[in-house]
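So the sequence lines, in the order shown, correspond to chains A and B. Following our numbering from start to finish, the first sequence increments by one per residue and tops out at 230. Following our numbering from start to finish, the second sequence increments by one per residue and tops out at 230. Glycine included, each C-beta is placed from N, C-alpha and C at the ideal position.
Number of protein chains: 2
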Amino acid sequence: MYAKAMSVQPAVAPLQIQSVVDHVYSALRERILSGDLPRGTKLRQASLAEELGVSRTPLREALRRLSTEGLVEFSPNRGATVSELDFGDMRHAWSARVALEPGAARLAAERRDSDGIAAMREAIAQQRAATDDKDASFAANRRFHLALAAASGNPHLTRFAEMLWVPRIGVPIYQAQAAEPAGAGGWAEEHERITDAIESGRADDAERLTREHIQAHPPVAPAVA
Amino acid sequence: MYAKAMSVQPAVAPLQIQSVVDHVYSALRERILSGDLPRGTKLRQASLAEELGVSRTPLREALRRLSTEGLVEFSPNRGATVSELDFGDMRHAWSARVALEPGAARLAAERRDSDGIAAMREAIAQQRAATDDKDASFAANRRFHLALAAASGNPHLTRFAEMLWVPRIGVPIYQAQAAEPAGAGGWAEEHERITDAIESGRADDAERLTREHIQAHPPVAPAVA
DNA sequence: TCGGAACAACTTGTATACATTCGCACCAAG
DNA sequence: CTTGGTGCGAATGTATACAAGTTGTTCCGA
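Quick look at the structure:
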């Protein structure tokens, strides 16, 4: 059974060997994004390494990777801390999205990739199905915008969008959603109009609608910080 | 004399302590960008470490940083190599610039920061002064576009622009310059019109001019690869 | 002559050990 | 009571050592 299945697939399948560094990187990233490691947390290497069952060497390499992504910050001889992301950073990230995503939408409209469009529609469906669940709604929203960037077919734009959507946008958008009762539903409709424009190749419309959509929902300042 | 000068400046000046990792990172980055380490070069850790006078530990951390930036690639148990950047990548980078820089120009026009505009004008002057020197001309061109991104006041856009301009755009633009006899001079004029639009706050014009400027100069396929 | 297996040298990946620096507590002097 | 200094503990930064994997070569057989 297995042999047959394997013979059908390409022999040299992915076979993704993940090094210890990759595992540590994924684990830390997950912890930071989920809020398990709040911003400003000092990342002590000895305890973290013991917790993850590895030595400090791969841990440090993973931290370097995260620092290049901006999720953690190194201070010379003082170690790494989870990056502080204040409201100013969030506005910057939103502003960068205003500059980025319309251009990505234009590219997507010029490309009209069916897979990419399908991914966008799927995210819309998920958003419609999760009007009451705030977390799911936010996840679907994020998913749509990442799918939009991916539909551009441009790896750089995709990567940039992921960097912007990672932790910085999450909280404020989430709170904006909570503030707007009709939020999720209205967003799904706007998303759909963008997707339609892309699918029919109306590049100017796709660009304009995306810009208007993002600009219509600026981040909301957190109540606490 | 010094004391007086220092009392004027903020007391806690930069005082940038650079760790060995930072030095190695800068050195490797410089070597890659200058072409001293051509694309596809296998980066053997032992020899590199000895060459730089450090051990493999900080070297590996620097390589991780570079890998997150996309300049080098890790292959499990096979080490790191300088990233292969083919023509497809260059077109992607150019395409990403088309999506990115017009939005940055719009932000810059809304912001109208005098320092940022001064940096742009300085780059234009350098470009005008270096019409015969190809290298200087390209450097000035790159400088203008980075200054444009920086004038947006958005750290994310600045960072993204730097990532796109680093190695990928350089060669093809350089070759395009060589192909167009009147290139440098014409570019300086276009740059100036963009800067004027930003300085006078005409956001729509700045965005449109930037897009047209970039789209008018697509990358040229290298002769060799 | 060509294909393949086995071995050896080398390279990477991870762990451990050592040196340096930082933070904090305690203490003394003004 | 506050301010400056000193010393210890802990954490980081770097170097070295060891284990595991990869690559190139050689030798054998068909």
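Hey, how far is the Cα of Ala208(B) from the Cα of Ser80(B)? So the alpha carbons of these two residues sit roughly 45 Å apart.
Give a yes or no on whether 7 Å exceeds the smallest Cβ distance from Leu38(B) to chain A. It does not: the Cβ of Leu38(B) has no partner Cβ on chain A nearer than 7 Å.
For a cutoff of 7 Å on Cβ pairs, would you count His222(B) as touching chain A? So no, His222(B) is outside the interface.
Contact list for Glu74(A) against chain B, beta-carbon separation under 9 Å: Within 9 Å Cβ-Cβ: Thr73.
Establish whether the CB of Ile174(A) and some CB of chain B are separated by less than 7 Å. Its pLDDT being 49, under 50, Ile174(A) is placed unreliably by the model, and nothing is read from it.
If you run the structure through DSSP and keep just helix, strand and coil, what is Ile174(A)? The pLDDT assigned to Ile174(A) is 49, lower than 50, so where the model puts this residue is not dependable; a value taken from the coordinates is nonetheless given after this. Looking at Ile174(A) - three-state DSSP - the assignment turns out to be coil, as it is neither helix nor strand.
Any 3 or more C-beta pairs closer than 8 Å across the stretch 119-132 of chain B and the stretch 212-227 of chain B: The stretch 119-132 of chain B vs the stretch 212-227 of chain B: no contact.
Less than 7 Å between the C-beta atoms of Ala110(A) and Ala221(A), yes or no? Cβ atoms of Ala110(A) and Ala221(A): not closer than 7 Å.
Proximal chain A residues relative to Asn146(B), where beta-carbon distance stays under 9 Å: Going along chain A, no residue has its Cβ under 9 Å from Asn146(B), so there is no contact; the nearest lies around 19 Å.
Within 10 angstroms of its Cβ, does Ser31(A) collect 16 or more other Cβ (buried), or is it exposed? Under this definition Ser31(A) is an exposed residue.
Any beta carbon of chain A sitting closer than 7 Å to that of His161(B)? For His161(B), the answer is yes, since a Cβ of chain A falls inside 7 Å of its Cβ.
Between the Cα of Pro43(B) and the Cα atoms of Leu68(B), Leu57(B), Glu89(B), Gln132(B), which residue gives the shortest distance? Out of Leu68(B), Leu57(B), Glu89(B), Gln132(B), the CA that lies nearest to the CA of Pro43(B) is found in Glu89(B).
Taking 7 Å as the CB-CB limit, is Arg61(A) close to chain B? No, no contact with chain B.
Contact set between Val103(B) and chain A, taken where Cβ atoms lie within less than 9 Å: By Cβ distance, chain A contributes Gly108, Arg111, Leu112.
Does Gln14(A) come out as helix, strand or coil in the three-state DSSP assignment? The predicted model places Gln14(A) with a pLDDT of 33, which falls under 50 and marks its position as unreliable; any figure quoted below should be read in that light. Gln14(A) falls in the coil class under three-state DSSP.
Gly3(A) lies in the beta strand (DSSP E); which residues open and close that run? Residue 3(A) is absent from the model: chain A starts at 6 and stops at 230.
CA-to-CA distance, Val77(B) to Glu56(B), given in whole angstroms: Cα to Cα, the separation comes out at about 18 Å.
Out of Ala67(A), Val25(A), Pro63(A), which has the shortest C-alpha to C-alpha gap to Arg34(A)? Of Ala67(A), Val25(A), Pro63(A), the residue nearest in Cα terms is Ala67(A).
Only counting the same chain, and skipping five residues up and downstream in sequence, which positions put a Cβ closer than 6 Å to that of Arg216(B)? Cβ-Cβ distances below 6 Å link Arg216(B) to Pro107 in the same chain, with the five nearest sequence neighbours on each side left out; the list follows chain order.
Quick check on DSSP: helix, strand or coil for Gly121(B)? Residue state for Gly121(B) is assigned as helix, using DSSP reduced to three classes.
Val225(B) by DSSP, collapsed to three states: which one? For Val225(B), the secondary structure class from DSSP, reduced to helix, strand or coil, is coil.
CA-CA distance, Lys231(B) and Arg65(B)? Coverage of chain B is limited to positions 6 through 230, which leaves residue 231(B) absent and any answer about it impossible.
For Pro97(B) and Pro63(A), what's the separation of their Cα atoms in angstroms? Checking the sequence, you will find His at residue 97(B) rather than Pro. Rounded to whole angstroms, His97(B) and Pro63(A) show a C-alpha spacing of 32 Å.
Given Ala128(A) as reference, the closest of Phe143(A), Arg117(A), Asp118(A) once Cα atoms are compared: It is Phe143(A).
Using alpha carbons as the reference points, say which of Val87(B), Ser24(B), Gly75(B), Arg61(B) lies closest to Asp41(B). Out of Val87(B), Ser24(B), Gly75(B), Arg61(B), Val87(B) has the C-alpha closest to the C-alpha of Asp41(B).
Report the residue ranges of all beta strand (DSSP E) runs contained in full by the stretch 68-99 of chain A; include only those spanning at least 3 residues, in chain order. Taken in chain order, the complete beta strand (DSSP E) segments of 3 or more residues contained in the stretch 68-99 of chain A are 77-80, 84-87.
Exposed or buried, Leu38(B), counting other C-beta atoms within 10 Å across all chains shown (16 or more means buried)? Taking every protein chain shown into account, the CB of Leu38(B) has fewer than 16 other CB atoms within 10 angstroms, so this residue is exposed.
Is there a C-beta anywhere in chain A that falls below 7 Å from the one on Pro81(B)? When Cβ-Cβ separations below 7 Å define contact, Pro81(B) makes contact with chain A.
Thinking just about the alpha-carbon of each residue, which of Asn146(B), Asp94(B), Arg164(B) is nearest to the one in Thr73(A)? Comparing Cα positions, the closest option is Arg164(B).
Quick check: Leu169(A) and Ala113(A), are their CB atoms within less than 7 Å of each other? Against a cut-off of 7 Å, the Cβ pair of Ala113(A) and Leu169(A) comes out as no contact.
For a contact meaning CB atoms closer than 9 Å, what does Ala156(B) contact in chain A? Residues of chain A passing the Cβ test: none, with the nearest at roughly 12 Å.
For the alpha helix (DSSP H) that Asn146(A) lies in, which residues bound it at each end? For Asn146(A), the uninterrupted alpha helix (DSSP H) run begins and ends at 139-156, by DSSP.
Taking just the CA atoms, how far does Ser52(A) sit from Val29(A)? Roughly 13 Å separates the two Cα atoms.
Cβ shell of Ile219(A) (< 7 Å), same chain only, five flanking positions each side left out: Cβ-Cβ distances below 7 Å link Ile219(A) to Arg102, Val103, Glu106 in the same chain, with the five nearest sequence neighbours on each side left out; the list follows chain order.
Nearest residue (CA-CA) to Arg36(B), options Leu71(B), Lys139(B), Ala141(B): The candidate whose alpha carbon is nearest that of Arg36(B) is Leu71(B).
For a contact meaning CB atoms closer than 9 Å, what does Ser52(A) contact in chain B? What Ser52(A) touches in chain B: nothing, since even the nearest Cβ is about 20 Å away.
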